[in-house]
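Heads up: the structure comes next, in structure tokens.
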Amino acid sequence: MSATLRNSILGSLARLLAENKSGVVEANKLDVAACPADDAVILDRLKVDDAKVDKMIAAVRSVIDARDLVGQAISAQTRADGLRIENRRVPFGTILIIFEARPDVCVEAAIIALKAGNKILLKGGKEARNTNLFLANLWRLALRENNAAPDFVSYLDISREETQKLIRGEYEKFDLVIPRGGEALIDFVLRNSNAPVIVSGRGNNFLYIDSEADFEMAVKIAVNGKQRLSVCNALDKILIDEQLPDLETKTKQLIAALREQNIEVIGDEDVVAIDPTVLLVPDEDVWYEEFLSAKIVIGIVASTEEAIETINEYSGGHSAVIVTADGETADTFLNEVDCAAVYHNASTRFTDGGEFGLGAEIAISTQKLHFRGPLGTEHLLTNKWFVFGDGQIRN
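Pasting the structure below:
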């Protein structure tokens, strides 16, 4: 599929989304109506309104404008014997994307894979079935308009049991699988897929407030980190340096600011000693947990080194931030914390493909192979060696 054809398909999809905005929203209302009203996190992920459709359209258009790297030479050399060797970027082939209650994945993940020349298999969760099917039909229309193979983007409306067989490779061939969901889904895919897996989604992100921090800035960043609860770039843990001036007063100020946003605060023994109304961390497992809910843990550490060790032990490898005015301390933190995205004086909420200039993202990888962090078009390519000769043989 040529770059021109891929962009033409994406252009058709953007137009169809605009023309069918009300249809997308109405289909989504059926899914929202079937969702438990008290599950705020699922509702936040599930709901599609006019603004979210507009965001999908903007993502499609930004991917159209993104540079096309398919077939681009990574390196090239001509040997003394005339043999020419090129290393080029090529598509993976077929990518299986399994996702839960996020219907926007039907668009924003698939456009990235398509732009990179890959075929796509989409399997969404039952919570968003009506929305997913509506969006999948727009994909079919976009492909048909451009006389493209109708199976280049396929939506699999199958049962849980069939999905498990799919992951095991029993009736569909795919070259890469990206699970977008909870730890149970990711764990099942890792244990059962014969194809490579890009692990995406687990957050449990940390903020470290250094002794040289602008504390007002730190509070602002902490509150912003809990602005949305259902996203993987949300903040779950805060560490405060015990050398922070006016530690007790500032810790109480931070607790109050979080509670004003209806965030439940849990603390270690040092924090509870400062404010006995804070719930004590019940066990070590809490430090490993990604909450996806209105709660946060605050702990006191003795040094930057302890903060780094704590983050590297418990975080999901997603995002971590240090607030400090000390550039040397910041450099140490940024280089030694083992996360896909590390921040100095900024919110973890920026870990997002759109915010990082990728237009959209297919996932946020928390592993070190193939890439880390938000994955855009350039990351959905592998490489292939092309060798051109005129009869050379190896002696």
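Numbering (the numbering used here), first residue to last: 918 to 1312. Cβ atoms here follow ideal geometry from the backbone N, Cα and C, with glycine treated the same way.
- In the displayed model, Ile-974 falls within a helix according to three-state DSSP.
- Within the DSSP bridge table, the entry for His-1261 names Ile-1239 as partners.
- Annotation for Ala-1101: the continuous alpha helix (DSSP H) segment containing it runs 1100-1109.
- The beta-bridge partner set that DSSP reports for Pro-1096 consists of Ile-1015.
- Taking every protein chain shown into account, the CB of Pro-1291 has 16 or more other CB atoms within 10 angstroms, so this residue is buried.
- Annotation for Ala-1224: Tyr-1125, Leu-1156 and Val-1218 place their beta carbon closer than 6 Å to its own, counting only its chain and skipping 5 residues before and after.
- DSSP places Tyr-1125 inside the beta strand (DSSP E), whose first and last residues are 1122-1126.
- As for any alpha helix (DSSP H) of minimum length 4 sitting wholly inside the stretch 984-1034, the runs are 1022-1032, ordered along the chain.
- Under the rule that a run must span 4 or more residues, the alpha helix (DSSP H) segments found entirely inside the stretch 1123-1174 read 1132-1142.
- Closest by C-alpha distance to Val-977, out of Arg-932, Ser-992 and Leu-960, is Arg-932.
- Contact between the stretch 962-978 and the stretch 930-945 is present: three or more C-beta pairs spanning the two stretches fall below 8 Å.
- For Asn-1179, no alpha helix (DSSP H) encloses it, and the DSSP letter there is neither H nor E.
- Taking Gly-1098 as the centre and dropping the five residues before and after it, the same chain places the C-beta of Ile-1015, Phe-1016, Glu-1017, Gly-1042 and Gly-1118 closer than 8 Å to its C-beta, in chain order.
- Its Cα nearest to that of Ala-944, the residue Leu-963 stands out among Val-1259, Ile-959, Leu-963 and Leu-1298.
- Taking 9 Å as the cut-off, the beta carbon of Ser-979 is found no closer than this to the beta carbon of Ala-1280.
- Closest in C-alpha terms to Asp-1187, from the list Gly-1216, Asp-967 and Gly-940, comes Gly-1216.
- By a beta-carbon distance limit of 8 Å, Leu-1060 contacts Ile-926. Their separation comes to about 6 Å.
- Taking Ser-1282 as reference, the option from Tyr-1260, Gly-1274 and Cys-1256 with the minimal CA-CA separation is Cys-1256.
- Taking Leu-1013 as the centre and dropping the five residues before and after it, the same chain places the C-beta of Leu-1038, Phe-1091 and Val-1094 closer than 6 Å to its C-beta, in chain order.
- Here the stretch 1226-1242 lies against the stretch 1125-1138, with 3 or more beta-carbon pairs under 8 Å apart.
- Residue state for Thr-1299 is assigned as strand, using DSSP reduced to three classes.
- Taking the Cα positions, Ser-1147 is about 40 Å away from Asn-1004.
- Between Gly-1184 and Asp-982, the alpha-carbon positions lie close to 47 Å from each other.
- Residue range 1212-1218 is occupied by the beta strand (DSSP E) that includes Ile-1217, with no alpha helix (DSSP H) assigned at that position.
- In this structure, the alpha-carbon of Asn-1049 lies about 9 Å from that of Lys-1040.
- In the three-state DSSP reduction, Gly-1244 falls in the helix class (H, G or I).
- Residue state for Ser-939 is assigned as helix, using DSSP reduced to three classes.
- Sorting Ile-1191, Ile-1213, Pro-1199 and Tyr-1205 by C-alpha distance to the C-alpha of Leu-1175 places Ile-1213 at the top.
- With 16 or more other Cβ atoms from the protein chains shown falling within 10 Å of its own Cβ, Pro-1020 counts as buried.
- For Ile-1225, the uninterrupted alpha helix (DSSP H) segment begins and ends at 1221-1231.
- Taking Ser-919 as reference, the option from Asn-1047, Lys-1154 and Asn-1063 with the minimal CA-CA separation is Asn-1063.
- Residue environment: Tyr-1205 is assigned as exposed (fewer than 16 neighbouring CB atoms within 10 Å of its CB, all protein chains considered).
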